[in-house]
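Heads up: the sequence shown begins at 26 in this note's numbering, then just goes up one per residue.
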Amino acid sequence: MAGMDDIDYERYDRIRPIRWTGEALELLDQRKLPFAQEWVACRSSDEVADAIHALIVRGAPAIGIAAGWGVVLAARTVIAENGREATQKLEPALQRLNAARPTAVNLGWALARMRDTLANAGATWREAVELEALAIAEEDLAANRRMGALGAALIGPGSGVLTHCNTGSLATAGFGTALGVIRAGVAQGRIARVFADETRPWLQGARLTVWELQQDGIDATLIADAAASHLMKTGAVQWVVVGADRICANGDTANKIGTYQLALAARHHGVKFMVVAPSSTVDMATASGDLIEIEERDPAELLGVGGVRTVAEGIKAWNPVFDVTPGDLIDAIVTEKGVIEKPDTAKMRAAFPA
Ligand code: MRU
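So, in C-alpha cells, the structure goes:
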C-alpha cells in the first residue's frame with residue numbers, strides 16, 4: 026500500500042477558493058459552482074463579512090482564513106502609531122466580521138489570533154497582521170495534509186466511505202479535512218468507494234464535493250441525504266467521514282445539518298464515524314454541544330431549488346443549518362495533533378490542555 030509520501034498533491038489538490046492579491050481578497054463564488062467559476066473581489070472588511078454571510082466563501086477553516094484577510098483590509102483604513110492603538114480602532118470591523126456567521130468557531134479563533142498579533146506588535150503592526158493572515162492559511166494547509174495521513178491510517182483496505190457537506194479544498198486553504206482523509210485514503214488504495222450526500226438545502230455535497238472530487242479524478246457517487254441509512258444497511262460503507270464547525274470540550278461536535286442523523290444511523294449499522302478538523306475548530310471553552318449557537322438561515326433556502334420555487338405559497342419552513350453530534354456517537358476525532366478515539370472530556374483535556 027502506498028504511503029503518504031506518495032501523495033501527488035498536484036494531482037489530488039488543485040482547487041484554491043481564496044486568493045490574496047496584495048490589494049484585494051478574491052473569493053471563488055461558491056454560490057455559482059459547479060457551472061460557473063467566478064471570482065468576487067473584496068476590498069474592505071465589510072465586503073468580506075458580507076461574503077462570509079452570503080456563503081460566497083464557506084466551510085469553517087475557509088471562513089477563518091477569509092476573516093484574517095478581512096482584518097488586513099480593515100487595517101488599511103486605520104492610522105495608528107502601534108498595534109495596541111490599531112486594535113482599538115479596528116475593533117468595530119473585527120466585531121462585524123465575527124457576527125457574519127455564529128456556529129464555526131474558526132471565525133472567532135482567527136479574529137482572536139489577529140487581535141493578539143496586533144496587541145503585541147509595535148510600530149510594524151501592518152506587516153505583522155499581513156504575516157499572521159498568511160500564517161493562518163499556510164498552517165491550515167499543513168494541518169490538512171497531516172490529518173489526511175492520520176485519518177486515512179484508520180481506514181482498512183477496500184473500504185467504502187460516506188461524506189457529508191463539503192470539507193475539501195473549497196472549505197479550507199487546500200486539500201480539505203474529511204475530504205483530505207478521503208483523498209489520502211484513495212491515493213493509498215485504502216478507500217475503494219466514495220459516496221457523498223447531496224446536503225440539502227444548500228447542496229454543498231451535490232454542487233461542490235462531487236465536482237471537487239471529479240477534478241482529482243476520484244470516482245464518487247452522489248446520494249440523496251435520505252438514502253444514507255439504506256446505503257449503510259447494504260454494507261457498502263465502513264466509515265462516515267465528516268468535518269466540523271465546532272468541537273466542544275466533551276467531544277460534542279457541531280457540523281452541517283444532517284450530520285447527527287448520519288451518526289445515529291452509523292452506530293445502528295456498525296459503521297464507524299470519524300470527525301476530521303484542525304485544532305482551530307476545537308473550542309475547549311464550550312463545555313458541551315447544548316451551548317453552541319446553531320445558525321438558522323432564510324427559510325427560502327428550503328422553498329425552492331436553483332431559484333425555482335417548489336413549495337406552495339404560504340408554507341412555513343424552519344432552516345437550522347447545523348446540528349450537534351454527541352461525542353459518544355463519534356469513534357474518532359482527527360486533528361493535526363493526533364487521533365482521539367471515543368472522545369470524552371478527559372481525553373479532550375489531555376489532547377488540548379488549557
Ligand atoms: O454552511 P457551510 O457550508 O459553511 O457548512 C460547512 C460545514 O458544515 C463543514 O462540514 C465544516 O465547516 C467543515 S469544512 C472543512
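Quick reminder that beta carbons are idealized off the backbone N, C-alpha and C, glycines included.
Inspect the beta-carbon positions of ASN191 and GLN239 and report whether they are closer than 7 Å.
Translated into positions along the sequence shown, residue 191 becomes position 166. Translated into positions along the sequence shown, residue 239 becomes position 214. No, the Cβ-Cβ distance between ASN191 and GLN239 is not below 7 Å.
Local conformation of ILE358 per DSSP, three classes
Within the sequence shown, numbered from 1, the residue matching residue 358 stands at position 333. Residue state, collapsed to three classes: strand.
Rounded straight-line distance, which links the Cα of GLY173 to that of GLU35:
As a first step, residue 35 is located in the sequence shown; it is residue number 10 there, counting from the start. As a first step, residue 173 is located in the sequence shown; it is residue number 148 there, counting from the start. Cα to Cα, GLU35 sits roughly 15 Å from GLY173.
Using a threshold of 7 Å, state whether the C-beta atoms of ALA146 and THR306 are closer than that.
For the purposes of this step, residue 146 is taken as the residue at position 121 of the sequence shown. For the purposes of this step, residue 306 is taken as the residue at position 281 of the sequence shown. In this structure, THR306 does not lie closer than 7 Å to ALA146 by Cβ.
Separation of VAL262 from ARG68, as counted between CA atoms:
Taking the first residue of the sequence shown as 1, we reach residue 68 at position 43. Taking the first residue of the sequence shown as 1, we reach residue 262 at position 237. ARG68 and VAL262: Cα-Cα distance of roughly 44 Å.
Spatial distance of TYR285 from ILE207 (CA atoms)
Along the sequence shown, read from residue 1 onward, the residue named residue 285 stands at position 260. Along the sequence shown, read from residue 1 onward, the residue named residue 207 stands at position 182. Distance from the CA atom of TYR285 to the CA atom of ILE207, rounded to whole angstroms, is 20 Å.
GLY363, enclosing beta strand (DSSP E) - first and last residue:
Here residue 363 refers to the residue found at position 338 of the sequence shown. Looking at the DSSP string, the run of the beta strand (DSSP E) that includes GLY363 is 363 to 366.
From PRO351, ASP348, ARG215, VAL300, residue whose alpha carbon lies closest to that of ILE32
Numbered from 1 along the sequence shown, position 7 holds the residue referred to as residue 32. Nearest option by C-alpha distance: ARG215.
Excluding the 5 residues flanking ALA27 on each side, which residues of the same chain have their C-beta closer than 7 Å to its C-beta?
Your numbering for residue 27 matches position 2 in the sequence shown. Residue placement at ALA27 is flagged as unreliable, the pLDDT there being 49, under the threshold of 50; a coordinate-derived value is accordingly withheld.
Which residues bound the alpha helix (DSSP H) around LEU132?
Position 107 of the sequence shown, counting from 1, holds the residue named residue 132. Where LEU132 is concerned, the enclosing alpha helix (DSSP H) stretches over 130 to 145.
Evaluate the contact criterion for the segment 286 to 306 versus the segment 265 to 276: three or more CB pairs, one atom per stretch, below 8 Å.
yes
Measuring alpha carbon to alpha carbon, tell me which of ASP165, ALA251, ARG292, GLU152 ends up nearest ILE88.
On the sequence shown, residue 88 is found 63 positions in, with the first residue counted as 1. Of the listed residues, the one whose Cα sits closest to ILE88 is ASP165.
May I ask you to report which of helix, strand or coil DSSP gives ARG83?
The residue you call residue 83 lines up with position 58 of the sequence shown. If DSSP states are grouped into helix, strand and coil, ARG83 belongs with coil.
Which residues does DSSP list as the beta-bridge partners of LYS297?
Here residue 297 refers to the residue found at position 272 of the sequence shown. DSSP lists TRP264 as partners of LYS297.
Mapping DSSP to helix, strand and coil, what is ALA27?
What you label residue 27 is simply residue 2 of the sequence shown in a count that begins at 1. Note that ALA27 scores 49 on pLDDT, short of 50, meaning its location in the model is unreliable and no value can be drawn from it.
Three-state class that DSSP yields for ARG322 in the structure shown
The residue labelled residue 322 in the question sits at position 297 within the sequence shown. The answer is coil: DSSP assigns ARG322 none of H, G, I, E or B.
Inter-residue Cα distance where the pair is ASP277 and ILE161:
Translated into the one-based positions of the sequence shown, residue 277 becomes position 252. Translated into the one-based positions of the sequence shown, residue 161 becomes position 136. So the alpha carbons of these two residues sit roughly 25 Å apart.
Pick helix, strand or coil for SER69, following the three-state DSSP scheme.
Counting from 1 along the sequence shown, the entry for residue 69 is found at position 44. Note: SER69 maps to coil in three-state DSSP.
Verify the contact flag: ARG83, CB atom, against every heavy atom of ligand 1, threshold strictly below 6 Å.
Position 58 of the sequence shown holds residue 83. The answer is yes for ARG83.
Whole-angstrom C-beta distance between THR202 and ALA302, which should lie under 8 Å
Position 277 of the sequence shown, counted from the start, is the residue given in the question as residue 302. Position 177 of the sequence shown, counted from the start, is the residue given in the question as residue 202. That pair is a contact at about 5 Å.
Work out the CA separation of ALA99 and ALA125 for me, nearest whole Å.
Reading the sequence shown from its first residue, position 100 is the one you call residue 125. Reading the sequence shown from its first residue, position 74 is the one you call residue 99. Spanning the two alpha carbons is a distance of roughly 15 Å.
VAL330 burial status per 10 Å Cβ neighbour count (16 or more: buried):
To locate residue 330, count along the sequence shown from 1; it is residue 305. Classification of VAL330: exposed, given that the 10 Å Cβ count is below 16.
Select from THR311, GLY339, TRP343 the residue whose C-alpha is nearest the C-alpha of PRO324.
Taking the sequence shown and counting its residues from 1, one reaches residue 324 at position 299. Out of THR311, GLY339, TRP343, TRP343 has the C-alpha closest to the C-alpha of PRO324.
Below 7 Å between beta carbons: does that hold for VAL65 and ILE81?
As a working note, residue 65 is residue 40 in the sequence shown. As a working note, residue 81 is residue 56 in the sequence shown. Yes; because the gap between Cβ atoms is below 7 Å, this pair is in contact.
Where MET373 falls, given that 16 or more other Cβ within 10 Å makes a residue buried:
In the sequence shown, counting from the first residue as 1, residue 373 sits at position 348. Looking at its Cβ environment, which holds 16 or more other Cβ atoms inside 10 Å, MET373 is buried.
C-alpha distance - ARG101 paired with THR197, whole-angstrom precision
On the sequence shown, residue 101 is found 76 positions in, with the first residue counted as 1. On the sequence shown, residue 197 is found 172 positions in, with the first residue counted as 1. Their Cα atoms are separated by approximately 25 Å.
When DSSP labels each residue in this structure, what does ALA379 get in the three-state scheme?
Residue 379 sits at position 354 when you count from the first residue of the sequence shown. DSSP places ALA379 in coil when its eight states are reduced to three.
What are the boundary residues of the alpha helix (DSSP H) that includes SER254?
As a first step, residue 254 is located in the sequence shown; it is residue number 229 there, counting from the start. 253 to 259 is the extent of the alpha helix (DSSP H) around SER254.
What residues are listed by DSSP as bridge partners for SER304?
One-based indexing of the sequence shown puts residue 304 at position 279. None, per the DSSP bridge assignment.
Through-space distance from ILE40 to THR149, alpha-carbon basis
Start at 1 with the first residue of the sequence shown, and residue 149 comes out as number 124. Start at 1 with the first residue of the sequence shown, and residue 40 comes out as number 15. Rounded to the nearest angstrom, the two C-alpha atoms are 33 Å apart.
In the segment 185 to 259, which residue ranges form an unbroken alpha helix (DSSP H) of at least 4 residues, counting only runs that do not cross its ends?
203 to 212, 235 to 241, 253 to 259
Spatial neighbours of GLY17 within its chain, please: CB distance less than 8 Å, with the 5 preceding and 5 following residues excluded, ordered by chain position.
With the chain running from 26 to 379 in the structure shown, residue 17 is simply not present.
In DSSP terms, what LEU52 is bridged to:
Position 27 of the sequence shown holds residue 52. Paired residue(s): ILE43, VAL65.
Bounding residues of the alpha helix (DSSP H) (the contiguous stretch that carries ALA274)
Taking the first residue of the sequence shown as 1, we reach residue 274 at position 249. Neither: ALA274 is in no alpha helix (DSSP H) and is coded neither H nor E.
Mind checking whether LEU256 and ALA221 have CB atoms under 7 Å apart?
Taking the first residue of the sequence shown as 1, we reach residue 256 at position 231. Taking the first residue of the sequence shown as 1, we reach residue 221 at position 196. Not a contact, by the Cβ cut-off of 7 Å.
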